[in-house]
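Visitor: First residue of the sequence shown: 1, per this note's numbering; consecutive thereafter. All C-beta atoms, glycine included, are put in the ideal place defined by N, C-alpha and C. Quick one: structure below, then a few questions.
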Amino acid sequence: MIVSSTLRQAAGRAVLLTYALGFWVVFLHHAEGGHEHGEPPLLVHALRDSTLALPGVVLAAWAATWFAERLLRADPGASPLRRAAVLDAAIALAASAAMAAGSPVHERLFAAHEAHEFPLALHVGRDATLALALALPLTRILAAFQRLRPVAVVVVMAALAASAGSAVQAAAIGPGNPCPAGAPLKRFDVQAIDLDITLNRFGDHDPAGKMYALAARIPDIRGQEASRKVSTGLGNDPVQPLVIRANEGDCVEIAFTNNASGGPFGIHID
């Protein structure tokens, strides 16, 4: 099969686009509070997701370019600028859509959670729009780079991606100093535990219950669990939903331990 030079160039651009958009989408998810169980460092996370998305993005960009070429053949008088704009838009749209379509798959594979869980269609549409904001200008830049020798393009783009990824990673996961000097510090030792929860004074109970609890309260919680007695309206019962309190201006430090069975549990600050 003979592949046109335009299709070959589109495939090359799609490879570089995939990794750039991968860093961009993962960074945005991380910035808004998304997380996953056993999450790797941000740079590794972006490289992993981009590599998994690579076949789909390249195929989508190739198909979009093929379709755009067919449309342009119907307009032989189109200027070079118009032809470039149509091809760039086709690649950017296809790459953004393919990258966004892979996000829900990655979340299911790696037990990822968004800060705000959207319906599937809205989730994909949001990610596609965010990716497109970068893909449109970047596709034009890559087209200009492709006039250089291919090896030089790859080296330059790899260096830019590595430096950008390192900067993003350092900014996102650096320890920093979130507490102002002199701010009161409140520490909470929180555990997730299995609990046979008594539901009422008649003895109905849930043997598969789970609870978040302060570590210091666990002896009292186990005592109430064994007694099978509860108060109307919870009262001062140790078995009740966990609430931790702090005043405005306090610095809060939470140590979390998962001692519950049945899967990963965690806490997430919105």
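Quick one: grab the DSSP three-state call for Pro219.
Guide: Note: Pro219 maps to helix in three-state DSSP.
Visitor: Rounded to whole angstroms, what's the CA-CA distance from Ala170 to Ala213? Just pull it up for me.
Guide: The predicted model places Ala170 with a pLDDT of 47, which falls under 50 and marks its position as unreliable; any figure quoted below should be read in that light. Going from the Cα of Ala170 to the Cα of Ala213 covers about 33 Å.
Visitor: Report the three-state DSSP secondary structure of Val57 (helix, strand or coil).
Guide: Three-state result, Val57: helix.
Visitor: What span of residues does the beta strand (DSSP E) with Thr257 cover, start to end?
Guide: 251–258 is the span of the beta strand (DSSP E), which, as asked, contains Thr257.
Visitor: In whole angstroms, give me the CA-to-CA distance for Ile141 and Cys179.
Guide: Ile141 and Cys179: Cα-Cα distance of roughly 41 Å.
Visitor: Going by other Cβ atoms of all chains shown within 10 Å of its Cβ, with 16 needed for buried, is Phe202 buried or exposed?
Guide: Exposed, by the Cβ-count rule.
Visitor: Any idea what DSSP makes of Asp75, helix, strand or coil?
Guide: Asp75: coil per DSSP, three-state reduction.
Visitor: Just tell me which of Gly56, Ala74, Arg228 has its CA closest to the CA of Ala101.
Guide: The shortest Cα separation from Ala101 among Gly56, Ala74, Arg228 belongs to Gly56.
Visitor: Report yes if the C-beta distance between Ala10 and Val26 is below 8 Å; otherwise report no.
Guide: Not closer than 8 Å, so no.
Visitor: CB-CB under 6 Å to Asp194, same chain, minus the five flanking residues each way: which ones, in chain order?
Guide: The answer, listed in chain order, is Ala260, Ser261.
Visitor: If you draw a straight line from the C-alpha of Pro41 to the C-alpha of His106, how long is it?
Guide: Going from the Cα of Pro41 to the Cα of His106 covers about 16 Å.
Visitor: Would you check if the region 15–32 and the region 87–99 touch, i.e. whether three or more CB-CB distances between them fall below 8 Å?
Guide: Touching, yes.
Visitor: How many angstroms separate the CA atom of Ala53 from the CA atom of Phe23?
Guide: C-alpha separation (whole angstroms): 12 Å.
Visitor: So what does DSSP say about Ala181, is it helix, strand or coil?
Guide: Coil at Ala181, not helix or strand.
Visitor: Kindly list the residues whose CB is nearer than 8 Å to the CB of Ala63, restricted to its own chain and excluding five residues on each side of it in sequence; keep chain order.
Guide: Excluding residues within five positions, the ones whose Cβ falls inside 8 Å are Ala94.
Visitor: Do Phe265 and Ala192 have their beta-carbon atoms positioned less than 8 Å apart in this structure?
Guide: Going by C-beta atoms, Ala192 is nearer than 8 Å to Phe265.
Visitor: Name the DSSP bridge partner or partners of Met211?
Guide: Beta-bridge pairing links Met211 to Ile193.
Visitor: Is the beta carbon of Arg48 less than 8 Å from the beta carbon of Thr139?
Guide: No, the Cβ-Cβ distance between Arg48 and Thr139 is not below 8 Å.
Visitor: Could you say which of Leu28, Trp66, Ile197 lies nearest to Asp127 if we only look at CA atoms?
Guide: Cα-wise, what sits closest to Asp127 is Leu28.
Visitor: Where Leu199 and Asp206 are concerned, what is the direct C-alpha to C-alpha distance, given to the nearest angstrom?
Guide: When rounded, the distance between both Cα atoms is 7 Å.
Visitor: Where does His205 sit, in a helix, a strand or coil, going by DSSP?
Guide: It is a strand residue.
Visitor: Rounded to the nearest angstrom, what separates Leu197 and Ala121 at their Cα positions?
Guide: Sequence inspection shows Ile at residue 197; the Leu mentioned does not correspond to that position. Cα-Cα distance, rounded: 38 Å.
Visitor: Between the Cα of Asn258 and those of Leu234, Val124, Met211, spot the shortest distance and give me the residue it belongs to.
Guide: Here the closest residue by C-alpha is Met211.
Visitor: Let me check understanding here. Comparing Cα to Cα, which of Leu185, Val124, Gln240 lies closest to Gly209?
Guide: Comparing Cα-Cα distances from Gly209 to each of Leu185, Val124, Gln240, the minimum goes to Gln240.
Visitor: According to DSSP, is Phe188 part of a helix, a strand, or is it coil?
Guide: Reduced to three states, the DSSP call for Phe188 is strand.
Visitor: Do you know offhand how far Pro76's Cα is from Ala135's?
Guide: Roughly 27 Å separates the two Cα atoms.
Visitor: Quick check on DSSP: helix, strand or coil for Thr232?
Guide: Residue state, collapsed to three classes: coil.
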